[in-house]
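Colleague: Those protein sequence lines, which keep their order, are chains A and B.
Under my numbering, residues 65 to 340 are what the first sequence spells out, in order.
Under my numbering, residues 65 to 340 are what the second sequence spells out, in order.
Positions of the beta carbon are idealized from the N, C-alpha and C atoms, including for glycine.
None of these values were measured; they are calculated from a predicted model.
There are 2 protein chains.
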Amino acid sequence: MAGNSGKPGQSVTGKALALLGAFDVMHPRLTLSELARRADLPLATTHRLAGELEAWRALDRDDDGRYRIGLRLWEAGLLAPVSSRLREIALPFMQDLYEATRENIHLAVRDGFDALYVEKLSGHRSVPIISRIGTRLPMHSTGVGKALLANAERAFIQAYCERPLPRFTRYTIAERGRLLRELRNTVERGYAQTNEEMTLGSCSVAVPVPSEQGAPAISLGIVVHSVRADLPKLVPTLRSAADAVALRLTETADDPAPGFLHDLPPLSAGNGGGAG
Amino acid sequence: MAGNSGKPGQSVTGKALALLGAFDVMHPRLTLSELARRADLPLATTHRLAGELEAWRALDRDDDGRYRIGLRLWEAGLLAPVSSRLREIALPFMQDLYEATRENIHLAVRDGFDALYVEKLSGHRSVPIISRIGTRLPMHSTGVGKALLANAERAFIQAYCERPLPRFTRYTIAERGRLLRELRNTVERGYAQTNEEMTLGSCSVAVPVPSEQGAPAISLGIVVHSVRADLPKLVPTLRSAADAVALRLTETADDPAPGFLHDLPPLSAGNGGGAG
DNA sequence: CGGATGCTTCCGCTCAACGGAAGACGATCG
DNA sequence: CGATCGTCTTCCGTTGAGCGGAAGCATCCG
Numbered sequence: 065m066a067g068n069s070g071k072p073g074q075s076v077t078g079k080a081l082a083l084l085g086a087f088d089v090m091h092p093r094l095t096l097s098e099l100a101r102r103a104d105l106p107l108a109t110t111h112r113l114a115g116e117l118e119a120w121r122a123l124d125r126d127d128d129g130r131y132r133i134g135l136r137l138w139e140a141g142l143l144a145p146v147s148s149r150l151r152e153i154a155l156p157f158m159q160d161l162y163e164a165t166r167e168n169i170h171l172a173v174r175d176g177f178d179a180l181y182v183e184k185l186s187g188h189r190s191v192p193i194i195s196r197i198g199t200r201l202p203m204h205s206t207g208v209g210k211a212l213l214a215n216a217e218r219a220f221i222q223a224y225c226e227r228p229l230p231r232f233t234r235y236t237i238a239e240r241g242r243l244l245r246e247l248r249n250t251v252e253r254g255y256a257q258t259n260e261e262m263t264l265g266s267c268s269v270a271v272p273v274p275s276e277q278g279a280p281a282i283s284l285g286i287v288v289h290s291v292r293a294d295l296p297k298l299v300p301t302l303r304s305a306a307d308a309v310a311l312r313l314t315e316t317a318d319d320p321a322p323g324f325l326h327d328l329p330p331l332s333a334g335n336g337g338g339a340g
Numbered sequence: 065m066a067g068n069s070g071k072p073g074q075s076v077t078g079k080a081l082a083l084l085g086a087f088d089v090m091h092p093r094l095t096l097s098e099l100a101r102r103a104d105l106p107l108a109t110t111h112r113l114a115g116e117l118e119a120w121r122a123l124d125r126d127d128d129g130r131y132r133i134g135l136r137l138w139e140a141g142l143l144a145p146v147s148s149r150l151r152e153i154a155l156p157f158m159q160d161l162y163e164a165t166r167e168n169i170h171l172a173v174r175d176g177f178d179a180l181y182v183e184k185l186s187g188h189r190s191v192p193i194i195s196r197i198g199t200r201l202p203m204h205s206t207g208v209g210k211a212l213l214a215n216a217e218r219a220f221i222q223a224y225c226e227r228p229l230p231r232f233t234r235y236t237i238a239e240r241g242r243l244l245r246e247l248r249n250t251v252e253r254g255y256a257q258t259n260e261e262m263t264l265g266s267c268s269v270a271v272p273v274p275s276e277q278g279a280p281a282i283s284l285g286i287v288v289h290s291v292r293a294d295l296p297k298l299v300p301t302l303r304s305a306a307d308a309v310a311l312r313l314t315e316t317a318d319d320p321a322p323g324f325l326h327d328l329p330p331l332s333a334g335n336g337g338g339a340g
């Protein structure tokens, strides 16, 4: 870097991004030293860069001096297509599903080898589960995950199965052969199902959201208490919601800015300009 | 910058952030040239930096080469307290409100002179309105905004009123004196109300979420068709939801990572490390 | 085919970025 | 109360990462 020591070859941008990447669900608040350690950067460097990020409000500071992800970064992130298009379109349908069941409703996309949770609705009556928006869970142990995996390309499924398959409960399908069979069943049935495979006490059904070749894979699912035996009954409702989402997605494929957005009123804050 | 021309005094980090800041609701997809123009950077510089951001997946590219906000940035943004704490806590209560009314439910915080929408629930039966998660609307013309403004410090209200007050419909309260009177009423009543002040055809009620001194100001509101005359009837429900949210917020004030998060399973993708 | 527009690569110059070191601060301990 | 430790902040001389104009491509259009 433009400097006189340290390991060369890392760009400033890379370092700044490493700082952002130092935060995760388990570590949403970090002291300067923790930040430096986790991003693997010298303290002085971390201090300077974090200061710039803070000035732009990509980071915020707590009263106790800890760093957190800032409002401005949150705002920017919401412009990602998963949120500004997919979530926006799917939400009303998910609400319908919620009204019908009052259970956890999940919307996930495939990203790498994970199911990435894009939206989750849950009320006070829903089973508490670990999924959260923006987190990743494995594809072989979750409903939405299985729906995504079962409908992926053959080579992808193969690659997935060749990796270690973590086991979470005694019901998790962690054996290659069984998983492959399960996935074939899933495709035939047209929907995925889990029974206490991620968490004891909860089970789920999920369906793929039909998508064109090349478009990101999406799925929609419901998680309920394992005592409910009539899960498959929910499948038709689920499927019609998924189909409706797919339809809206193709209909609005090339809207520049989604929805009915006339010009927004003049804003005031949060436009602090570049740091420097 | 470490370079040989251009306007000095701008840091690399500042430029990278300027690129992120070039995206907004009206411009969620940008070509390289647009990006360069909007961020006010030379094309070559934009190209290089955008490339690094893309490598980290802070940006993505469309099939047609346009840049968009990337998944990784979206994930990072979700770690901001507004999302990972406030939204997480408020959502079930908002669901209850939605079940009871099937109307638009809004959660907003005060940021600068704007009401920043943190969460919005709406189903197919709700009035379509322009609010979206992550967008800002003025405080004098929206329900949640008035609830925030009315309960702000005296000096802040003063400062707000001295700025121009944009008018959106013929019902918008755009006169200083009337606005101040309206805000006093709001405080006395204990809830804010709007009647077609932002959009013709819709009106709203909102209440502040009680918060400690120094904590960010939050409010909760409902937007309905203007034909519904019984809006104030909703206030008690709304208020008890707001109180419940406030209580949960103080109860969980210093949880490190929210909720019941045992260690997450091993992730695979989306951890591409720094760009270089 | 000429001209306009937009994307990508090249490359030598230079100053922004670097980070060790030292100072300030605060908490804990004997 | 002085010593020790951990954390945060500032300073400053050195240098290679970043710079961006310019040239090269790729499309599109009349």
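With a threshold of 6 Å on Cβ separation, who are the neighbours of Val288 (chain A) within its own chain once the five nearest residues in sequence on each side are excluded?
Modeller: In the first sequence, residue 288 (chain A) corresponds to position 224, counting from 1. For Val288 (chain A), where only same-chain residues beyond five positions count, the Cβ hits under 6 Å are Glu167.
Colleague: Between B:Ser275, B:Thr233, B:Pro280 and B:Val271, which has its C-alpha nearest Gly265 (chain B)'s C-alpha?
Modeller: The count along the second sequence starts at 1 and reaches residue 265 (chain B) at position 201. That would be B:Thr233, whose Cα lies nearest to the Cα of Gly265 (chain B).
Colleague: Rounded to whole angstroms, how far is the Cβ of Ala238 (chain A) from the Cβ of Leu229 (chain A), which I believe are closer than 8 Å?
Modeller: If you number the first sequence from 1, residue 238 (chain A) lands on position 174. If you number the first sequence from 1, residue 229 (chain A) lands on position 165. Sure, about 4 Å apart at Cβ, within 8 Å.
Colleague: Could you name the residues of chain B that Pro145 (chain A) contacts, counting a contact when the two beta carbons are closer than 7 Å?
Modeller: The residue given as residue 145 (chain A) occupies position 81 in the first sequence. Under the 7 Å cutoff, chain B gives Arg132.
Colleague: Closest by CA to Arg312 (chain A), which one among A:Glu152, A:Arg112, A:Glu252 and A:Trp120?
Modeller: If you number the first sequence from 1, residue 312 (chain A) lands on position 248. The shortest C-alpha separation from Arg312 (chain A) is found at A:Glu152.
Colleague: Would you mind working out which of B:Thr236, B:Leu243 and B:Ser290 sits nearest Glu226 (chain B), comparing C-alpha positions?
Modeller: Position 162 of the second sequence holds residue 226 (chain B). Glu226 (chain B) has its Cα closest to that of B:Leu243, out of B:Thr236, B:Leu243 and B:Ser290.
Colleague: Would you identify the three-state DSSP class for Gly323 (chain A), choosing helix, strand or coil?
Modeller: On the first sequence, position 259 is the one that residue 323 (chain A) refers to. Note that Gly323 (chain A) scores 45 on pLDDT, short of 50, meaning its location in the model is unreliable; the coordinates nonetheless yield the value given after this. Here Gly323 (chain A) sits in coil by DSSP.
Colleague: Quick check on His188 (chain B): buried or exposed, where buried means 16 or more other Cβ atoms within 10 Å of its Cβ?
Modeller: Here residue 188 (chain B) refers to the residue found at position 124 when the second sequence is read from its first residue. Exposed, by the Cβ-count rule.
Colleague: With DSSP as the reference, label His170 (chain B) as helix, strand or coil.
Modeller: Residue numbering aside, residue 170 (chain B) sits at position 106 when the second sequence is read from its first letter. Reduced to three states, the DSSP call for His170 (chain B) is strand.
Colleague: Does the Cβ of Thr95 (chain A) have 16 or more other Cβ atoms within 10 Å, making it buried, or fewer, making it exposed?
Modeller: As a working mapping, residue 95 (chain A) is identified with position 31 in the first sequence. With fewer than 16 Cβ atoms within 10 Å of its Cβ, Thr95 (chain A) is classed as exposed.
Colleague: Taking the C-alpha atoms as reference points, what is the distance between Arg200 (chain B) and Asp178 (chain B)?
Modeller: As a position in the second sequence, residue 200 (chain B) is number 136, starting the count at 1. As a position in the second sequence, residue 178 (chain B) is number 114, starting the count at 1. Looking at the two C-alpha atoms, the distance is approximately 6 Å.
Colleague: Among B:Met90, B:Ala223 and B:Asp294, which one has its Cα closest to the Cα of Ser268 (chain B)?
Modeller: The count along the second sequence starts at 1 and reaches residue 268 (chain B) at position 204. Looking at the Cα atoms, B:Asp294 is the closest of the given residues.
Colleague: Taking only beta-carbon positions, decide if Val287 (chain A) is within less than 8 Å of chain B.
Modeller: On the first sequence, position 223 is the one that residue 287 (chain A) refers to. By this cut-off, Val287 (chain A) is not an interface position.
Colleague: Answer yes or no: do Ser283 (chain A) and Ala211 (chain A) have a C-beta to C-beta separation smaller than 8 Å?
Modeller: Within the first sequence, numbered from 1, the residue matching residue 283 (chain A) stands at position 219. Within the first sequence, numbered from 1, the residue matching residue 211 (chain A) stands at position 147. Yes.
Colleague: Note down the Cα distance separating Pro92 (chain B) from Arg292 (chain A), rounded to an integer number of angstroms.
Modeller: For the purposes of this step, residue 92 (chain B) is taken as the residue at position 28 of the second sequence. For the purposes of this step, residue 292 (chain A) is taken as the residue at position 228 of the first sequence. Straight-line Cα distance between these residues: approximately 42 Å.
Colleague: Would a check of beta-carbon distances place Leu264 (chain A) closer than 8 Å to chain B?
Modeller: Along the first sequence, one-based indexing puts residue 264 (chain A) at 200. Chain B contact via Cβ: absent.
Colleague: Would you please state the rounded distance, in angstroms, between the beta carbons of Leu365 (chain A) and Gly141 (chain B)? I believe it to be under 8 Å.
Modeller: In the structure as shown, chain A begins at 65 and stops at 340. Residue 365 (chain A) is therefore absent and cannot be evaluated.
Colleague: On the CB-based measure, 16 or more other CB atoms within 10 Å of its CB, does Ala339 (chain A) come out buried or exposed?
Modeller: As a working mapping, residue 339 (chain A) is identified with position 275 in the first sequence. Low local confidence applies: a pLDDT of 31 at Ala339 (chain A) is under 50, so the model's placement there is unreliable, with the coordinate-based value given in what follows. By the 10 Å Cβ count, Ala339 (chain A) comes out buried.
Colleague: Could you check whether the Cβ of Pro106 (chain B) sits closer than 8 Å to any Cβ belonging to chain A?
Modeller: The residue given as residue 106 (chain B) occupies position 42 in the second sequence. Answer no: the Cβ-Cβ gap between Pro106 (chain B) and chain A never drops below 8 Å.
Colleague: Output the boundary residues of the beta strand (DSSP E) element that contains Arg132 (chain B).
Modeller: To locate residue 132 (chain B), count along the second sequence from 1; it is residue 68. It spans Tyr131 to Ile133 - the beta strand (DSSP E) in which Arg132 (chain B) sits, taken as one unbroken run.
Colleague: Whether or not the segment 251-261 of chain A and the segment 270-278 of chain A are in contact is what I'm after, with contact meaning three or more pairs of Cβ atoms, one per stretch, closer than 8 Å; do they touch?
Modeller: In short, these stretches touch, since the Cβ pair count reaches three.
Colleague: What's the call for Met90 (chain B), buried or exposed, on a 16-neighbour Cβ count within 10 Å?
Modeller: In the second sequence, the residue the question calls residue 90 (chain B) occupies position 26. Met90 (chain B) is exposed by the Cβ-count criterion.
Colleague: For the beta strand (DSSP E) containing Tyr181 (chain A), list its first residue and its last residue.
Modeller: To locate residue 181 (chain A), count along the first sequence from 1; it is residue 117. Here the beta strand (DSSP E) through Tyr181 (chain A) covers Asp178 to Leu185.
Colleague: Is any heavy atom of the ligand SAM found at a distance shorter than 7 Å from the C-beta of Val251 (chain A)?
Modeller: Although the ligand SAM was asked about, the structure shown includes no ligands whatsoever.
Colleague: How would you call Thr314 (chain A), buried or exposed, if buried means at least 16 neighbouring beta carbons within 10 angstroms?
Modeller: The sequence position of residue 314 (chain A) within the first sequence is 250, counting from 1. Exposed, since its Cβ has fewer than 16 Cβ neighbours within 10 Å.
Colleague: Pick from B:Ser186, B:Asp126, B:Glu217 and B:Val173: whose alpha carbon is nearest that of Leu155 (chain A)?
Modeller: By 1-based counting over the first sequence, the position of residue 155 (chain A) is 91. The candidate whose alpha carbon is nearest that of Leu155 (chain A) is B:Ser186.
Colleague: Round the Cβ separation of Leu99 (chain B) and Thr110 (chain B) to the nearest angstrom and send it over; I've been treating them as touching at under 8 Å.
Modeller: For the purposes of this step, residue 99 (chain B) is taken as the residue at position 35 of the second sequence. For the purposes of this step, residue 110 (chain B) is taken as the residue at position 46 of the second sequence. Right, the Cβ-Cβ distance comes to about 6 Å (below 8 Å), so this counts as a contact.
Colleague: If you drop the 5 nearest sequence neighbours on each side, which residues of the same chain put their C-beta closer than 6 Å to that of Thr206 (chain A)?
Modeller: For the purposes of this step, residue 206 (chain A) is taken as the residue at position 142 of the first sequence. Contacts found: Ala179 and Met262.
Colleague: Among B:Arg245, B:Gln159, B:Thr77 and B:Ser275, whose alpha-carbon lies nearest the alpha-carbon of Ala114 (chain B)?
Modeller: Counting from one through the second sequence, the residue named residue 114 (chain B) turns up at place 50. When only C-alpha atoms are compared, the closest one is B:Thr77.
Colleague: Short of 8 Å in beta carbon distance, which residues of its chain neighbour Met158 (chain A), apart from the five on each side in sequence? Order them along the chain.
Modeller: Residue mapping note: residue 158 (chain A) aligns to position 94 of the first sequence, counting from 1. Hits under 8 Å: Ile169, Leu171, Glu183, Leu185, Leu284 and Ala305.
Colleague: So, Leu118 (chain B) versus Arg112 (chain B), is the Cβ gap smaller than 8 Å?
Modeller: Here residue 118 (chain B) is taken as the residue at index 54 of the second sequence, counted from 1. Here residue 112 (chain B) is taken as the residue at index 48 of the second sequence, counted from 1. At residue 118 (chain B) the sequence reads Glu, which differs from the Leu that was named. It is not a contact, given that the beta carbons lie outside the stated cut-off.
Colleague: Can you check whether the C-beta of Ile282 (chain B) is within less than 8 Å of a C-beta belonging to chain A?
Modeller: Here residue 282 (chain B) refers to the residue found at position 218 when the second sequence is read from its first residue. Taking Cβ atoms only, chain A never reaches closer than 8 Å to Ile282 (chain B), which makes this a no.
Colleague: Quick check on Glu217 (chain A): buried or exposed, where buried means 16 or more other Cβ atoms within 10 Å of its Cβ?
Modeller: Position 153 of the first sequence holds residue 217 (chain A). Glu217 (chain A) comes out exposed.
Colleague: Identify the contact partners of Leu84 (chain B) in chain A, using a Cβ-Cβ distance below 7 Å as the criterion.
Modeller: As a working mapping, residue 84 (chain B) is identified with position 20 in the second sequence. Residues of chain A passing the Cβ test: Ala140.
Colleague: Please name the residue, chosen from B:His204, B:Asp104 and B:Arg174, that lies closest to Gly198 (chain B) on a Cα-to-Cα basis.
Modeller: What you label residue 198 (chain B) is simply residue 134 of the second sequence in a count that begins at 1. Looking at the Cα atoms, B:Arg174 is the closest of the given residues.
Colleague: Could you please tell me which residues of the segment 92-125 of chain A, in chain order, have their CB closer than 8 Å to any CB of chain B?
Modeller: Residues Pro92, Arg93, Leu113, Glu116, Leu117, Trp120, Ala122 and Asp124.
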